[in-house]
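What follows is a set of notes on a single structure, which appears directly below.
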Ligand code: HEC
Ligand code: HEC
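Numbering (the working numbering), first residue to last: 911 to 1284.
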């Protein structure tokens, strides 16, 4: 049977899909993080915090995911099921020592910056390698390719120079600001392919400026995620619940109807960082900050101007986690180009999303965006 926590994570993940921004969100099971407008600390919210004391409580769970991703672990590798405060498992006790060791390495060698993380040594494995690997054919090929791309400077005709120019080109490429502003609602039908012949239909309703509802039908029930302009929520077969922290940021981003037009408004610290080759396409890479805990890299095709990849980085207490969405199969809807195919991956999932139909500017009842009573 699927656990409460994985059900919640799954519902957040599979329904966290919008036209432009897919975000996974990390589980904030404890919504009691705020006190008089100030965020509570880890040790105020949780019972048995010995090392990660005095940190924002909403960051503890993302940090647990960081452990999972770094060691290839699940919660139960360190925790007794249902008793996360128990110190019974040696892996949990060892982890505290590891955090202290790692912090000391960074403090003594890297001015306290998060340079060495759990992943630096562990690389997805509980037992870090000590002996350098033997060269394989595949490694040799990879090394040759790396050397080649290091040597070649990527040539771009009519090269743009600023993030503003790149984003403006993107906005024109999808149809232009004026045409986009004529859209007022979208109804989207699609299919999520989770691999192993597991698929699920998804439907999304969006209305300007920031109403959002996605519904995914899985064999064991229906998952919804919504935003009514103020309140973000999710609903799974066990009931409805309001979202906060990173999960609220996710649904807010999904709900921003004019996101491609609001680009410069939604993001700060924009920086044109690189020209790269991604899946045979030459792209501009633009760095952007969304909030104190979240930044992005956007990859725009230098010739078509279209967004073909987005990587989202979420801060945890000990390092960042990333998730990536690749966009393709752009098709016109009311004169605006939308990506009909998306490939979505994070440290534990790899999924394809295909839209089968998008219809624009149909009437939408705004009551559907409100959080259901239960
Ligand atoms: C690599 C080991 C490791 C993994 C994997 C891990 N944790 Fe933890 N967890 C810890 C450690 C260590 C602490 C205590 C931190 C401290 O003392 O500062 C902790 C603390 C917690 C706490 C606080 C408990 C309390 O009340 O004091 C919760 C809740 C928690 N973890 C949940 C999870 C969940 C859920 C997962 C899976 C998503 C997970 N952890 C994965 C090592 C781990
Ligand atoms: C500088 C390298 C390094 C860093 C950084 C590091 N580890 Fe380790 N860790 C090791 C090595 C090496 C071992 C294996 C020790 C052994 O075999 O006795 C290990 C062992 C462990 C184990 C025991 C695994 C088992 O199955 O017995 C856990 C749990 C662990 N590390 C968690 C973490 C976590 C969580 C972090 C980040 C907070 C971290 N480590 C950071 C090097 C590192």
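Glycine included, every Cβ here is placed at the ideal spot set by N, Cα and C.
What do you reckon, are the CB atoms on residue i and residue j nearer than 7 Å?
i            : j            : result
residue 1193 : residue 1208 : no
residue 1257 : residue 979  : yes
residue 999  : residue 988  : yes
residue 1177 : residue 1198 : yes
residue 1123 : residue 1279 : yes
residue 1096 : residue 1268 : yes
residue 1330 : residue 1261 : Outside the shown range of the chain, which is 911 to 1284, sits residue 1330, and nothing can be said about it.
residue 1018 : residue 1026 : no
residue 1077 : residue 1167 : no
residue 1142 : residue 1161 : yes
residue 1094 : residue 1113 : no
residue 1210 : residue 1080 : yes
residue 1273 : residue 1243 : no
residue 973  : residue 1153 : no
residue 1084 : residue 1246 : yes
residue 968  : residue 1139 : no
By the 10 Å Cβ neighbour count, where 16 or more other Cβ atoms means buried, how is residue i classified, buried or exposed?
i            : result
residue 1235 : buried
residue 1284 : exposed
residue 1034 : exposed
residue 1105 : exposed
residue 872  : What is shown of the chain runs 911 to 1284, which leaves residue 872 out entirely.
residue 1090 : buried
residue 1048 : exposed
residue 1323 : The first residue shown for the chain is 911 and the last is 1284, placing residue 1323 beyond what the model contains.
residue 1050 : exposed
residue 1086 : exposed
residue 939  : Its pLDDT being 41, under 50, residue 939 is placed unreliably in this model, and the value from its coordinates should be taken loosely. With fewer than 16 other Cβ atoms within 10 Å, it is exposed.
residue 1239 : exposed
residue 995  : exposed
residue 1164 : buried
residue 1045 : exposed
Bridge partners of residue i, per DSSP?
i            : result
residue 974  : Residue 974 is not bridged to any residue.
residue 1256 : Note: residue 1256 sits in no beta bridge, so no partner.
residue 1238 : 1251
residue 1232 : 1223
residue 1122 : 1116 and 1137
Between the alpha carbons of residue i and residue j, how many angstroms are there, rounded?
i            : j            : result
residue 1013 : residue 1230 : 15 Å
residue 931  : residue 1181 : Any answer about residue 931 is weak, because its pLDDT of 43 lies below 50 and its placement is not dependable; what the coordinates show is given next. Taking the straight line joining both Cα atoms gives about 19 Å.
residue 1321 : residue 1022 : There is no way to answer for residue 1321, as the model of the chain reaches only from 911 to 1284.
residue 1137 : residue 965  : 29 Å
residue 1064 : residue 960  : 50 Å
residue 1042 : residue 1121 : 53 Å
residue 1286 : residue 1054 : With the chain running from 911 to 1284 in the structure shown, residue 1286 is simply not present.
residue 1111 : residue 1067 : 42 Å
residue 1058 : residue 1203 : 35 Å
residue 1024 : residue 1264 : 37 Å
residue 1098 : residue 1250 : 10 Å
residue 1213 : residue 1191 : 9 Å
residue 1129 : residue 1072 : 47 Å
residue 1145 : residue 1275 : 19 Å
residue 1266 : residue 1115 : 14 Å
Under 6 Å from any heavy atom of ligand 4, does the C-beta of residue i make it?
i            : result
residue 1008 : This structure lacks ligand 4; the ligands present are ligand 1 and ligand 2.
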